[in-house]
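Step one of this worksheet: look at the structure below.
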Amino acid sequence: MNKKGDIWVSAVLYFGLGIVVISILLAAGLPVINKLRDKNVIIQTKQVMHELDQNIREVVREGPGSQRVLTVNIKKGFIRIDNKDSLIIWQYNNSKVIISDIGIPVFEGKLTILTENANVKNNYNIQIYTNYTNLANITRSATKPSTLVGITDMVIRNDGLDQNNVVKVSISETNK
Numbered sequence: 002m003n004k005k006g007d008i009w010v011s012a013v014l015y016f017g018l019g020i021v022v023i024s025i026l027l028a029a030g031l032p033v034i035n036k037l038r039d040k041n042v043i044i045q046t047k048q049v050m051h052e053l054d055q056n057i058r059e060v061v062r063e064g065p066g067s068q069r070v071l072t073v074n075i076k077k078g079f080i081r082i083d084n085k086d087s088l089i090i091w092q093y094n095n096s097k098v099i100i101s102d103i104g105i106p107v108f109e110g111k112l113t114i115l116t117e118n119a120n121v122k123n124n125y126n127i128q129i130y131t132n133y134t135n136l137a138n139i140t141r142s143a144t145k146p147s148t149l150v151g152i153t154d155m156v157i158r159n160d161g162l163d164q165n166n167v168v169k170v171s172i173s174e175t176n177k
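The sequence shown maps to residues 2 to 177 in my numbering.
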């Protein structure tokens, strides 16, 4: 009998078995990790949106000339400011997490959360938005693209009343 050969065969079998076990653990654990990561991003973004909303409402309350500088960190998705409808929208496509019932808006404070099916199975498009139609006319003055991603310093400023006697709030990015 060749004991050295038996040892090598055993070592190769244990090594192969270890690789199979690790592969199974990764295959089972990776989707759970991705869901947790997406849920964490959504929770953090809801906090950012609440803070943004709070700053906008304070600027409106304080009157013309009032302003706030706010650092916004968008890890996934993007923020879009709709000048026409006075909406601030965070959009995250292909999330692994359902944050609300599909197609049914959920209200959380001043935020509205909407989950819709994405084109990819078991993925969802998440929208968190705030409507300022009855409070102020929100405009974004930007030289950059129309969406905000990553870390951005924003200046929120009360520009007084517009021709319809509605408070005009401008949002712009600071130059770094």
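Beta carbons are placed, not taken as given, at the ideal position from N, Cα and C, and that holds for glycine.
| Helix, strand or coil for residue 86 per DSSP? | Three-state DSSP puts residue 86 in coil, outside helix and strand.
| Coil, strand or helix - residue 137 by DSSP | DSSP places residue 137 in strand when its eight states are reduced to three.
| If you pair each beta-carbon of the stretch 158 to 173 with each one of the stretch 114 to 126, do three or more pairs fall below 8 Å? | Using a C-beta cut-off of 8 Å, the stretch 158 to 173 makes no contact with the stretch 114 to 126, since fewer than three inter-stretch Cβ pairs fall below that distance.
| Within this structure, are the beta carbons of residue 91 and residue 50 separated by less than 9 Å? | Residue 91 places its beta carbon less than 9 Å from that of residue 50.
| First through last residue of the beta strand (DSSP E) which encompasses residue 131 | Per DSSP, residue 131 is one residue of the beta strand (DSSP E) stretching across 125 to 132.
| query | To the nearest whole angstrom, what separates the beta carbons of residue 154 and residue 131, a pair I think is in contact under 8 Å? | reply | With 8 Å as the limit, residue 154 and residue 131 do not qualify as a contact, their Cβ atoms being about 20 Å apart.
| field | Enclosing beta strand (DSSP E) for residue 171 [first to last residue] | value | That run of the beta strand (DSSP E) goes 168 to 174.
| Three-state secondary structure assigned by DSSP to residue 120 | DSSP places residue 120 in coil when its eight states are reduced to three.
| task | Pick out whichever of 151, 156 and 169 has its Cα sitting closest to the Cα of residue 80. | result | Shortest Cα-Cα distance from residue 80 to any of 151, 156 and 169 involves 151.
| field | Closest by C-alpha distance to residue 106, when choosing among 128, 58, 56 and 121 | value | For residue 106, the nearest C-alpha among the options comes from 128.
| query | Taking C-alpha atoms, which residue in 42, 156 and 137 lies nearest to residue 94? | reply | Of the listed residues, the one whose Cα sits closest to residue 94 is 42.
| task | Look up residue 107 in the DSSP assignment and give the residues it is bridged to. | result | The partner list for residue 107 (beta bridge, DSSP) reads 114.
| First and last residue of the beta strand (DSSP E) that includes residue 161? | Per DSSP, the unbroken beta strand (DSSP E) holding residue 161 starts and ends at 148 to 162.
| Closest to residue 1 by CA distance: which of 120, 40, 64 and 56 is it? | Residue 1 lies beyond the residue range present for the chain, which begins at 2 and ends at 177; the question has no answer from this structure.
| Rounded C-alpha distance that separates residue 38 from residue 27 | Cα to Cα, the separation comes out at about 15 Å.
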